[in-house]
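Student: Quick one: the structure is below, and I'll ask about it shortly.
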Amino acid sequence: MAQGASLLAVLMLLGGAVSQVAEATYKMPLKSTGWQPLCDIGAALVAKSAQAAAVSKAQRNRARNLLQQQLRAEITASTVDDEETEKRFFTIAFYLKQEAVKALNDLTAPGETANTKTVRATNFALGHLREFMVIATGGTTSCQNGCISQHASNGADPVVGYAQLATAYGNCAALDGSPITGFDPSTVVDNKGLKKITTTAGNTIAATEKHCRLLTTAANEGYADDDTAGDTVNMAGGLLKVTSNAAVNFNAHDTLTGAAAAETKIMKAAFDAIKEIPAKPADYTNKDINELKTDANFHEAFKAIYNVEQAKTGATMEVEIERAFPAKGTPFAQQIWDKIRDTKLPYALAEQPENTKIGTIEDIEILVKIINNFTGEKLKRENEAEKKQTETKCNTEATQQMEAVKCSTLDKPECKPDLGCKYNETRKACENEPKPAVAKTNQESGKTDISVKCSDYDTKDKCEAVNKDGKKHCGWRKGKDDENDKETEKCRNGSFLVNKKFFLSMAAAFLSFLFKNPNTLNL
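Mapped onto mature numbering (1 follows the signal peptide of the UniProt record, and there is no 0), the consecutive letters of the sequence shown carry residue numbers -19 to -1, 1 to 504.
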């Protein structure tokens, strides 16, 4: 009996020893060179996410400012009295509209924009890093051991609890999405991948066991009761490669330019998105005419409003622009930009009081409402001019009838052209000679002289010869939005016509974007 008891005691002692050996297997924490790079990468992800958001904000602001100025320029054009000044302001409005198109394309392109993709991918990767660090910093009851060590080799000085992580290493504050002041992401990320995160960095866990059961795939009564089926487990968004032989290494992330692998796909998605962040657009500024006259978009605007031949480019275009916007006299900024800023509402419009300067109105929807009102006012003026033109035509016809009676009383010697008469040799009688009906009211309505029918001229020379009086009756050009055969060059009406819908379409597109994409605006 005593012998059996002794044997049992020996077995129990041996079992305890085996148990102690088993419990003491694979419990090493990450040393400082193993976890601090994770916080550095987190800080880089946060910085790049903030960069993408800043670009989106700058794109929105530029588009908004361009549209504001476009609408203000059009309002100003609607308040001036003479056609030439009106054309100048509509040229500016057209140019700003062209610039707004480019700005809006960055925001309204189909699919996910580069900026939103970057924010999404970097935040997804950041979430994996944070989750790992929350688990790894979980404290023990003794508050002495854990999986994150501040020591360079032996696993001492643990970080116990996630709240202490940022105190131990400042860049870890980025794991909660807070940008690190003064942090330079280029020290962590370059055009190839993540710097210093390589398989050659060596083992990242301490040499001494500290009761961390997380960083192994072997049986240690912690992560698993037995060895895991796989050879490795990738943690921290794939940055760490954990194996069963008491080893934790970095996956090779210094070459993220290749195809995505299972362990790299999360970080590669973030890296690929970061590379596509567009350059931050310049803030909108009012350009001087010397800068505008060399701008291709301003050339297009000028051609559209002034009916200039499409073939004209370079120096010949600059000459045309200088005629309309002379460098001498009042500075361009005062003529155009100050005028746009200081134009006042003649009466209360769109809930804006009388004498409100349009330069102080920033709400695009309100500016659109004001334009619609001014459009109505201008239409009223044009209708009045049309009515006056009709009255003039009637008066002219009546006068010609009276002159016809007068001419019929004259003999051949007195029947002279300067009296509006001509002698009909066939009928042997003096008759009235009708004069071309040139209505002064055409100048007021902005329409081509009714005695000129541009479509009758089939060559460019004949078309331009009609303008020998200095007025732009006709022009050899392609059609505008509201004309037929848009792509065909032919003799067309040369008077100044502006399609309001052409300008307002971009404002409507921007307003639609604001309402349909509220989340994008808050990047």
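Think of the CB as a built atom: it goes at the ideal place given N, C-alpha and C, for glycine as much as any other residue.
Would you report the Cα separation of H192 and A106, rounded to the nearest angstrom?
Tutor: Translated into the one-based positions of the sequence shown, residue 192 becomes position 211. Translated into the one-based positions of the sequence shown, residue 106 becomes position 125. Each residue's Cα considered, the two are about 28 Å apart.
Student: Specify whether the stretch 41 to 56 and the stretch 73 to 89 touch according to this definition: at least 3 beta carbon pairs, one from each stretch, less than 8 Å apart.
Tutor: yes
Student: Could you tell me which residues DSSP puts in a beta bridge with E365?
Tutor: Reading the sequence shown from its first residue, position 384 is the one you call residue 365. Its beta-bridge partners do not exist; DSSP assigns none.
Student: Does the separation of the CB atoms of A199 and S225 fall below 8 Å?
Tutor: Here residue 199 is taken as the residue at index 218 of the sequence shown, counted from 1. Here residue 225 is taken as the residue at index 244 of the sequence shown, counted from 1. Taking 8 Å as the Cβ cut-off, A199 and S225 qualify as a contacting pair.
Student: Locate the alpha helix (DSSP H) running through N135, then write down its first and last residues.
Tutor: Counting from 1 along the sequence shown, the entry for residue 135 is found at position 154. Segment: none, N135 is in no alpha helix (DSSP H) and carries neither H nor E.
Student: Determine contact between the stretch 99 to 114 and the stretch 237 to 255, defined as no fewer than three beta-carbon pairs at a distance below 8 Å.
Tutor: yes
Student: Within 10 Å of its beta-carbon, does S389 have 16 or more other beta-carbons around it, so buried, or fewer, so exposed?
Tutor: In the sequence shown, the residue the question calls residue 389 occupies position 408. Exposed: under 16 other Cβ atoms inside 10 Å.
Student: How many angstroms separate the CA atom of L504 from the CA atom of K38?
Tutor: Taking the sequence shown and counting its residues from 1, one reaches residue 504 at position 523. Taking the sequence shown and counting its residues from 1, one reaches residue 38 at position 57. In this prediction, L504 has a pLDDT of 45, which is less than 50 and means its spatial position is unreliable; nothing more can be read from the coordinates.
Student: Helix, strand or coil for N230, going by three-state DSSP, please let me know.
Tutor: By one-based count along the sequence shown, residue 230 stands at place 249. In the structure shown, N230 sits in a strand (DSSP, three-state: E or B).
Student: Could you tell me how far apart the beta carbons of T238 and G174 are, in whole angstroms, since I believe they sit closer than 8 Å?
Tutor: Residue 238 sits at position 257 when you count from the first residue of the sequence shown. Residue 174 sits at position 193 when you count from the first residue of the sequence shown. At roughly 7 Å, the Cβ-Cβ gap stays under 8 Å, so T238 and G174 are in contact.
Student: Given 8 Å as the limit, is there contact between the stretch 323 to 330 and the stretch 279 to 286, that is, 3 or more CB pairs closer than that?
Tutor: no
Student: Under a three-way DSSP split, which group does E412 fall into?
Tutor: Here the question's residue 412 lines up with position 431 in the sequence shown. Residue state, collapsed to three classes: strand.
Student: Buried or exposed: where does Q291 fall if 16 or more other Cβ atoms within 10 Å of its Cβ makes it buried?
Tutor: In the sequence shown, counting from the first residue as 1, residue 291 sits at position 310. By the 10 Å Cβ count, Q291 comes out exposed.
Student: Over the uninterrupted beta strand (DSSP E) stretch that includes K403, give me the two end residues.
Tutor: Your numbering for residue 403 matches position 422 in the sequence shown. Counting along the chain, the beta strand (DSSP E) containing K403 begins and ends at 402 to 405.
Student: Use the C-beta contact count for A242: other C-beta atoms within 10 angstroms, 16 or more gives buried, fewer gives exposed.
Tutor: Locating residue 242 in the sequence shown gives position 261, counting from the first residue. Exposed.
Student: Looking only at its chain, what residues have a beta carbon closer than 6 Å to the beta carbon of T72, apart from the 5 residues adjacent to it on each side?
Tutor: For this step, residue 72 is matched to residue 91 along the sequence shown. Hits under 6 Å: A282, F283, I286.
Student: For the beta strand (DSSP E) containing residue 517, name the first residue and the last one.
Tutor: The shown model of the chain, from -19 to 504, leaves out residue 517, and the question about it has no answer.
Student: Start and end of the beta strand (DSSP E) containing M216?
Tutor: Against the sequence shown, residue 216 aligns to sequence position 235. Looking at the DSSP string, the run of the beta strand (DSSP E) that includes M216 is 213 to 216.
Student: Which two residues bound the contiguous alpha helix (DSSP H) that contains C444?
Tutor: As a first step, residue 444 must be located in the sequence shown, where it is residue number 463. Note, C444: alpha helix (DSSP H), 441 to 446.
Student: Would you call the stretch 433 to 442 in contact with the stretch 391 to 409, where contact means no fewer than 3 C-beta pairs closer than 8 Å?
Tutor: no
Student: Tell me the DSSP secondary structure of T118 in three-state form.
Tutor: Counting from 1 along the sequence shown, the entry for residue 118 is found at position 137. It is coil, neither helix nor strand.
Student: Quick test of your reading: V140 and G127, contact by CB under 8 Å. State the CB separation rounded to the nearest angstrom.
Tutor: As a first step, residue 140 is located in the sequence shown; it is residue number 159 there, counting from the start. As a first step, residue 127 is located in the sequence shown; it is residue number 146 there, counting from the start. Confirmed, about 7 Å.
Student: Roughly how many whole angstroms lie between the Cα atoms of V447 and D269?
Tutor: Numbered from 1 along the sequence shown, position 466 holds the residue referred to as residue 447. Numbered from 1 along the sequence shown, position 288 holds the residue referred to as residue 269. Taking the straight line from one Cα to the other gives about 34 Å.
Student: Do G151 and K12 have their C-beta atoms closer together than 8 Å?
Tutor: Within the sequence shown, residue 151 is the residue found at index 170, counting from 1. Within the sequence shown, residue 12 is the residue found at index 31, counting from 1. Their beta carbons are not under 8 Å apart, which means G151 does not touch K12 by this criterion.
Student: Please confirm whether any heavy atom of the ligand MG lies closer than 7 Å to the CB of F306.
Tutor: The ligand content of the structure shown is nil, which means the ligand MG is not present either.
Student: For Y76 and N267, what's the separation of their Cα atoms in angstroms?
Tutor: Here the question's residue 76 lines up with position 95 in the sequence shown. Here the question's residue 267 lines up with position 286 in the sequence shown. So the alpha carbons of these two residues sit roughly 12 Å apart.
Student: So for C388, helix, strand or coil by DSSP?
Tutor: Here residue 388 refers to the residue found at position 407 when the sequence shown is read from its first residue. In the three-state scheme derived from DSSP, where H, G and I count as helix and E and B as strand, C388 is classed as helix.
Student: Please classify C472: does DSSP put it in a helix, a strand, or coil?
Tutor: As a working note, residue 472 is residue 491 in the sequence shown. Looking at C472 - three-state DSSP - the assignment turns out to be strand.
Student: Could you have a look at Q333 and say whether DSSP puts it in helix, strand or coil?
Tutor: Here residue 333 refers to the residue found at position 352 when the sequence shown is read from its first residue. Of the three classes helix, strand and coil, the one that applies to Q333 here is strand, per DSSP.
Student: Report the CB separation of L156 from L110 in whole angstroms; it is logged as a contact under 8 Å.
Tutor: Locating residue 156 in the sequence shown gives position 175, where the first residue counts as 1. Locating residue 110 in the sequence shown gives position 129, where the first residue counts as 1. L156 to L110, Cβ: 6 Å. Contact.
Student: Could you please give the first and the last residue of the uninterrupted alpha helix (DSSP H) stretch that includes V169?
Tutor: Mapped onto the sequence shown, residue 169 falls at position 188. Run containing V169: none; DSSP gives neither H nor E here.
Student: For T60 and T294, which I take to be in contact (beta-carbon distance under 8 Å), what is that distance rounded to the nearest angstrom?
Tutor: Taking the first residue of the sequence shown as position 1, residue 60 is located at position 79. Taking the first residue of the sequence shown as position 1, residue 294 is located at position 313. Rounded, the Cβ-Cβ distance is 33 Å, inconsistent with contact.
Student: Using the three-state DSSP reduction, which class does I347 fall into: helix, strand or coil?
Tutor: Position 366 of the sequence shown holds residue 347. Reduced to three states, the DSSP call for I347 is helix.
Student: Can you give the Cα-Cα distance for A25 and D344, rounded to whole angstroms?
Tutor: Position 44 of the sequence shown, counted from the start, is the residue given in the question as residue 25. Position 363 of the sequence shown, counted from the start, is the residue given in the question as residue 344. Approximately 37 Å between the Cα atoms of the pair.
Student: Helix, strand or coil: which one does DSSP assign to K68?
Tutor: Walking along the sequence shown from the start, residue 68 turns up at place 87. Helix.
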